[in-house]
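Under the numbering used here, the first residue of the sequence shown carries the number 321, and numbering increases by one thereafter.
Here a beta-carbon is modelled for each residue, glycine too, at the ideal position from N, C-alpha and C.
Input: a single structure, listed below in structure tokens.
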Amino acid sequence: TSGYTSRSLKQNHHQYEQLKLSRVNLEIFSNAMKTTLTLSYDILLVLFLEIRLHCFYHLSLLFRNASHYASVIDTDPDENIMTLNRDLTRLQETLHSSLNEKKFSFLFQGLGFVLATILIRSAPRFVRISESGVTKMCRNIFAIEQTLTQIRTVGDAELMRAHRYYELLYATKPDEIIGVIEEHGPEYTEQDYIHLLQLKHRSFPASESGNFDLSKYEQIIKKALHPNSTIQNKIVNGQTNVKH
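Set out below in structure tokens:
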């Protein structure tokens with residue numbers, strides 16, 4: 321009986337040792353899983369940022385040659401835009417085969433907003449822009465929009481917003497831009513509209529630029545975008561006049 325008890329105790333001790341080992345291995349495995357998960361999120365974030373850096377890089381090359389848009393030029397999409405589109409397509413093909421749909425969508429979501437913001441905020445980098453230059457810019461934006469549609473299978477409203485911004489440069493008179501704001505409401509920031517007017521002013525022939533009172537139209541833009549503050553100022557001024 322004592323021999324049986326001794327063997328039983330040894331077996332229990334051996335099983336206990338195995339259980340201890342399993343728990344240690346489980347903890348190691350669990351920590352490794354946590355590390356791998358953290359690393360995968362970091363890699364996803366790096367890819368998210370890298371795609372946007374590619375966009376900044378290619379668009380910066382486009383605006384580096386902005387003086388080219390001042391003359392009468394061909395209206396085909398810029399070579400820098402075509403390179404950007406090829407780059408985005410290559411990234412899409414590589415990542416789509418490696419990631420699930422949720423992670424893939426995360427990488428490309430909001431990309432239209434980033435591109436549109438760069439395109440709109442870079443307008444001051446044009447010294448001047450001709451009508452054919454405006455057409456080329458609109459086709460640049462349309463080419464990007466087509467590529468993003470192929471990647472995400474949906475259109476991008478933000479890029480169309482950038483398209484409409486440059487289309488405003490087709491207006492022959494600044495009053496037409498003011499009219500669009502009054503009719504449809506403001507779609508861009510005050511600074512974006514002022515940059516547009518300044519670019520329009522710089523693009524006029526020297527013989528016509530003197531007829532364009534830039535400061536006057538800047539004030540009209542401010543009043544159109546902040547009608548409540550204008551009314552409030554009138555009330556305050558009226559009250560001040562009454563007191564005097």
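Here Leu415 carries a helix assignment [DSSP, helix/strand/coil]. Here the C-alpha atom of Val392 lies approximately 10 Å from the C-alpha atom of Lys456. Per the C-alpha coordinates, the member of Arg448, Thr467, Thr469 positioned closest to Tyr486 is Arg448. A buried status is given to Asp398, since no fewer than 16 other beta-carbon atoms sit within 10 Å of its beta-carbon. By the Cβ rule, the region 464–479 does not count as touching the region 504–517, because fewer than three pairs are nearer than 8 Å. About 18 Å separates the beta carbons of Phe376 and Ile471, which is beyond the 8 Å limit, so they are not a contact pair. The beta carbon of Val434 is closer than 8 Å to those of Arg372, Cys375 in its chain, skipping five residues each way along the sequence. Spanning the alpha carbons of Pro525 and Ala390 requires a straight line of approximately 11 Å. Secondary structure note for His388: it is in no alpha helix (DSSP H), with a DSSP letter that is neither H nor E. In the structure shown, Ile393 falls within a coil segment according to DSSP collapsed to helix, strand and coil. Here the C-alpha atom of Asn400 lies approximately 52 Å from the C-alpha atom of Glu347. Counting of Cβ neighbours within 10 angstroms places Glu465 among the buried residues, the total reaching 16 or more. When DSSP states are grouped into helix, strand and coil, Ile449 belongs to the coil group. Distance from the CA of Phe428 to the CA of Asp396, rounded to the nearest whole angstrom, comes to 26 Å.
If the five residues before and after Ala482 are omitted, its C-beta is found closer than 6 Å to the C-beta atoms of Ala436, Leu439, Ile440, Ile461, all from its own chain and listed in chain order.
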